Every structure is written in structure tokens, then in C-alpha cells.
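First the structure, in the form of C-alpha cells, and then the observations on it.
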Amino acid sequence: MPEFGGLGKALVIAGLSLVLCGFLFVFFSKIPFLGKLPGDIHIARKNFTFYFPFASCVVLSVLVSLIIWLWSKR
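With our numbering applied, the sequence shown closes on residue 79, and no number is skipped along the way.
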């Protein structure tokens, strides 16, 4: 019977990542300006709605990059 230790660790990490993403979605939904920044694209037509939070993605990317950079400096 082959070892499944590596697969088990990968599944635990994937599960914890999903839980963390869920908490982040709940937390970020409470921030009123996120998703409504200038630069966020919102197109609404009669039978079609397209929304792409471009500026919000840029802001989040800069924040995450800053946190990772600060974390790696320790």
C-alpha cells in the first residue's frame, strides 16, 4: 500500500486555504468602499450585467504584496 502522507498534507492545506478564503470573503464584504472604487468596471444592460472590480483588485494586490514583502523581511 503506497504512502498517502503527502496527499493528506496537500488536502489539509487545500482545506485550510478554502476556509481562509471564506473568512476573507465574509470580512471583505463588510468593507463599504471595496468594489465601488473609481476604475471598477460595471456595465448594466437590459438582459446583461458585467462587473469587474479592476481598481479593487489592484488595491488588494498591492496590500497583499506589501504584507508578503514585510513578512519576508523578518
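Built from N, CA and C at the ideal position, the CB exists for glycine as well. It should be emphasised that the depicted structure is a prediction, and the values quoted were computed from it without experimental measurement.
What does residue i pair with, by DSSP beta-bridge criteria?
i, result
"Phe57", "Ile46"
Can the beta-carbon of residue i be found closer than 8 Å to that of residue j?
i, j, result
"Ser61", "Leu39", "yes"
"Phe59", "Gly44", "yes"
"Phe57", "Ile46", "yes"
Cα separation between residue i and residue j?
i, j, result
"Leu29", "Lys51", "32 Å"
"Lys78", "Lys41", "33 Å"
"Gly11", "Gly20", "14 Å"
Between the segment 55-66 and the segment 32-45, are three or more C-beta pairs nearer than 8 Å? yes
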